[in-house]
Amino acid sequence: MLTNALAFQHLKNSDIEFPWTRLFGTIGFVVPAFLIEAWWLKGMEGEQLDQGRVICFILAGLMGLVMGVYALFLPHTPPAGKDKPSYAPGIIIGMMRYRHFLVLVLISFLIAIVHKFFFIWNAPFLREILDSGGKHGAFEMRISSIGQLFEVLVMVVLGFSIAKFGFKKTLITGAVAYTLRCILFASVFNFDLSYEGRLALACFGQALHGLCFGCFLAAAYIYVDRVAPKDVRGSMQTMYGTLVIALGFFAGGFISGEVGELFSTTVNDEVIRNWPKIWLSSATLAALCVAGLMLFFPAKMPEPKGDSASQA
């Protein structure tokens, strides 16, 4: 949320430039997945693989320290000046009286829960697919990185998509992608497929992550920047992220965990998960988001706001 606020304050044309800036974060997500699994963890299985992953976490922690030092050299960004003091959180909460913003916040909260289903269950889901084909090494991150590779492509054209089709159609595309991805995942173990067929469906579902993230989450941040009063745009990004992403992910962790446990059984000390029911639960919630956007989100972009004084 803070990096978003920083970017939006320094970019001249955020609709076009923000997706291009953000895609480098996506690239940074992909590189270590291939580097670590294809090189560091290559050929490892079982306990040796677990020990190798411990080193990966240590390296990630060290990179976090490097990022902290790098942050000291980011552009100086003081709070936006204004003629009279205003209470930014109050202004932002006041934005809820506008239907377009209220709908975005509510749908984004639900999408964040759907998003968390993916991050909680994707790795064990892929692990079960790989094990069914006798592949016991580290492949999960490279498979999931298919989503980030497609995310790069989506982020490159996101600004042009928003300009041509508008925010409503772009957001609906993202919500539809969430729904379709969950349906594809539910199909993997719901039909009598070969290992290759299961893996192909899972990989296609991973690829949809690009549309999920780019067309909904990234587009939503751009929308918030567009409709926010100029002097509280940074605070708006933080508050939107807190209300939606932070709380949505927090709730999603509990909800997805409970759903997963509900559709899991233990037989002879082995946990057996009903993946079709787990993913269809998530798909149902995503489908509700699609319907909500279609019915209640306005097709026409509201006029950009001035400063917070004009909202009083």
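The sequence shown begins at 880 in the numbering used here and counts up by one. Glycine included, every Cβ here is placed at the ideal spot set by N, Cα and C.
- Setting aside the 5 residues that flank it on each side, Val1138 is surrounded in the same chain by Ile1157, Ser1160, each with a C-beta closer than 7 angstroms to its C-beta; the list follows chain order.
- With contacts defined as CB atoms closer than 8 angstroms, Met880 and Gln1116 qualify as a contacting pair.
- The alpha-carbon separation between Ala1165 and Ala1054 amounts to approximately 6 angstroms.
- Burial is judged here by how many other beta carbons sit within 10 angstroms of a residue's own beta carbon; Trp1154 has at least 16 and is buried.
- Around the beta-carbon of Asp1148, fewer than 16 other beta-carbon atoms lie within 10 Å, marking it exposed.
- From the listed residues Val1150, Thr1049, Leu890, the smallest Cα separation to Met1180 is found for Thr1049.
- Residue pairing by DSSP places Glu1149 opposite Val1146 in a beta bridge.
- Nearest neighbour of Tyr1057 by Cα position, chosen from Asp1071, Cys1168, Asp1010, Gln888, turns out to be Cys1168.
- Note that the C-beta distance between Ala1086 and Gly1026 is below 8 angstroms.
- Around the Cβ of Lys995, a 10 Å sphere holds 16 or more other Cβ atoms; the residue is buried.
- Looking at Met1118, His889, Thr956, the one whose alpha-carbon comes closest to that of Ile971 is Met1118.
- The DSSP-derived three-state label of Thr956 is coil.
- Between Thr882 and the set Gly940, Glu916, Met946, the nearest pair of CA atoms involves Met946.
- By the criterion of a C-beta distance shorter than 6 angstroms, Phe1175 is surrounded in its chain by Val982, once the five residues flanking it on both sides are discounted.
- Secondary structure of Ser1135 (DSSP, three-state): helix.
- DSSP places Asp1104 within a helical segment (H, G or I) once states are collapsed to three.
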